[in-house]
Amino acid sequence: MQESQKHIIPNVSHGCGEQPVEEPESYSWPPIHSVDHQASSDEFIQGTQLSVQHLAQYCTHESSSGTSTYHPVHSSPSSIGFSANGSPTSHPDLQNYQSCGSPVNQSCLSNDTDDLGHKMRELESVLLGNDLDALDMYAITDELGPNQLSSEAENREQMMEMISRGDLKEVLCACAKALANSDMSTTELLISNLRQMVSVSGEPIQRLGAYILEGLVARLASSGSSIYAALRCKEPASAELLSYMHILYEICPYFKFGYMSANGAIAEAMKDESRVHIIDFQVAQGSQWITLIQALAARPGGPPQIRITGIDDSTSSYARGGGLGLVGQRLSRLAESCKVPFEFHAAGISASEVQLEDIEVRPGEAIAVNFAFMLHHMPDESVSCQNHRDRLLRLVKSLSPKVVTLVEQESNTNTAPFLPRFAETLNYFRAIFDSIDVALPREHKERINVEQHCLAREIVNIIACEGMERVERYELLSKWKSRFIMAGFSPYPLSSLVNGTIKTLLQSYSEKYTLEERDGALYLGWMNQVLVASCAWR
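Taken in order, the sequence shown gives residues 97 to 634; the numbers are from the working numbering.
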């Protein structure tokens, strides 16, 4: 059901008021609800035979312990929502996910002797507990010939040599490869050792490794969506969640870069317009529009009349602490203090469901459309024949906007097969975790919360989930350009003034951040890894 609420300020005289302006709060990277991990990461990581139900409880939070129930996940294309009254989902243990006829699982054999042998093996697995090596060797000697035994032993020796080198990235990649090849024996061996190598309070690669390991375990159990939901174990208070988002907003320039570059393009396109209609397809807390309203208030000749249509489904309400009406009230107060005639239209609907009638275009308005960190949540042709990603672009083109801004993660987690996607995710988030490590001490409790509440679920979703369940589907800017061109758009190069403003912004951050202008677009990176791309279209 669409939520519609308007806040109108009459046309008043020009001049920005003296009242202090509230600091912008930010949403997570990208704006998706929080995760919370009640039990310690080390507890989660040290278990060797966790069921999916156990994984729902062993979430990564070092500072507290306990168990928690979780609810099934309900995914919208733009974000992840959760049922308040769902019941826990039951899944078999990880050991039982091996295919029929695999070294451990012999239950498909009809022979009574083999069946008895299988029962004995199950009893031994209970008695032996963590002794996976003994279990694996028992099964191998029962099924394989001498040559295969030798090959298995050599493979295990190579794995142990690799583990002894202590290269966590190498072991993570080897585990992903074994999983992709359905090599369950090697996968379980590496998972068992990885649990001793990762930590949410260690070096950046150890912290990232903890969440990547969760994704690998969830993929092994074919339970990506359940683990994705379970990572929310006990959601923090709304105020806490906002504080974690705000910390990420302040310590890293990713969101500021995106907001400032998009706002610069909009301000440039609207410099001579008297009536401006901004359509934001994921308005979140509305933080992006604070600086733009202030800038337009100081425009020579007086501010334009501004109308913002804020689109966002109900799953963002928790992070805001309420519905879209809160965003409208907040922006209305700001506009009033700056003497800017303002109206806010709340469209409480998923972006994938938006139709022309939800936008309410009026004659004489100059339209600006904003896609900031949200289009990658729209399923495309590789997921659904409806292809909302391209449908939205065609819908927006039919509005004849003066400018359309796009800000997205510069990575391909959409169509890439599992192994290339795993490598891409590892490298991309390694740069993110490195940049956070520079900004906050490793022992800083807030740093742990930021990574857990703002990044972990995204990482797990990319690695563990497929099909409609995988909602974090980044694309490279080259692919976005093809989509925009096919929809009938042409590039709107960002001005040198925007570039200069971003350079000034980056001076207050680490010198390891990079800024590149290429073909009218801006790219923000960390060292040699490009992280975010921003561009505009018309």
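C-beta: ideal position from N, C-alpha, C; glycine also.
- Task: Classify Asp-615 as buried or exposed, calling it buried when 16 or more other Cβ atoms lie within 10 Å of its own Cβ.
- Result: exposed
- Message: Among the candidates Gln-302, Leu-388, Ala-361 and Ala-274, whose CA atom is the shortest distance from the CA of Leu-515?
- Response: Ala-274
- Task: In the DSSP assignment, find the alpha helix (DSSP H) that holds Ile-445 and state where it starts and stops.
- Result: Per DSSP, Ile-445 belongs to no alpha helix (DSSP H) and is neither H nor E.
- Message: Along the chain, where does the beta strand (DSSP E) containing Leu-618 start, and where does it finish?
- Response: 617 to 622
- Do you know how far the Cα of Leu-593 is from the Cα of Glu-284? 54 Å
- Do you know how far the Cα of Pro-497 is from the Cα of Ala-519? 38 Å
- Ile-558 and Glu-547 look like a contact to me (Cβ under 8 Å); what is the Cβ gap, rounded to whole Å? With a Cβ gap of about 15 Å, Ile-558 and Glu-547 do not count as contacting.
- alpha helix (DSSP H) runs contained entirely in the stretch 505 to 542, provided each spans 4 or more residues: 514 to 535
- Query: Thinking C-beta only, is Ile-386 closer than 8 Å to Leu-422?
  - Reply: no
- Message: In this structure, how does DSSP classify Val-556 when only helix, strand and coil are distinguished?
- Response: helix
- Answer with buried or exposed for Met-280, where buried requires no fewer than 16 other C-beta atoms within 10 angstroms of its C-beta. buried
- So is Thr-600 buried or exposed if we call it buried at 16+ other beta carbons inside 10 Å? exposed
- Query: Going straight from the alpha carbon of Thr-610 to that of Tyr-350, what length do you get?
  - Reply: 11 Å
- Taking Cβ positions, are Leu-522 and Lys-265 nearer each other than 8 Å? yes
- Would you kindly work out how many angstroms separate the C-alpha atoms of Ser-574 and Pro-587, rounded to a whole number? 12 Å
- Taking the alpha carbon of Ile-487 as the point to measure from, which residue in Gln-451, Asn-624, Gln-425 and Ala-393 has its own alpha carbon closest? Position check: residue 487 holds Arg in this sequence, whereas Ile was assumed. Arg-487 has its Cα closest to that of Gln-451, out of Gln-451, Asn-624, Gln-425 and Ala-393.
- Query: Counting Cβ pairs, one atom from each stretch, are 3 or more of them under 8 Å apart for the stretch 431 to 445 and the stretch 469 to 483?
  - Reply: no
- Start and end of the beta strand (DSSP E) containing Asn-466? 462 to 468
- Message: Applying the 10 Å Cβ sphere with the 16-neighbour rule, what's the burial state of Gly-382?
- Response: buried
- Message: If distances are taken between C-alpha atoms only, which option among Ser-478, Ile-287, Met-366 and Leu-427 comes closest to Met-564?
- Response: Ser-478
- For the beta strand (DSSP E) that Asp-376 lies in, which residues bound it at each end? 371 to 376
- Endpoints, beta strand (DSSP E) assigned at Ser-592: Per DSSP, Ser-592 belongs to no beta strand (DSSP E); it is in the alpha helix (DSSP H), 592 to 602.
- Could you give the DSSP three-state label for Cys-636: helix, strand or coil? Here the chain has residues from 97 to 634 only, and residue 636 is not among them.
- Message: Under DSSP, the alpha helix (DSSP H) around Arg-659 begins and ends at which residues?
- Response: Coverage of the chain is limited to positions 97 through 634, which leaves residue 659 absent and any answer about it impossible.
- Going by CA-CA distance only, name the one from Ser-604, Ala-583, Tyr-605 and His-373 that's closest to Trp-633. Ala-583
- Message: Below 7 Å, is the gap between the Cβ of Glu-449 and the nearest heavy atom of the ligand SAM?
- Response: The ligand SAM is absent from the structure shown, which contains no ligands of any kind.
- Pairwise C-alpha distance: Glu-461 and Ala-535: 43 Å
- Query: Looking only at C-alpha atoms, which of Leu-286, Thr-282, Val-492 and Leu-602 sits nearest to Ile-463?
  - Reply: Val-492
- Would you check if the distance between the CB atom of Phe-377 and the CB atom of Asn-483 is smaller than 8 Å? no
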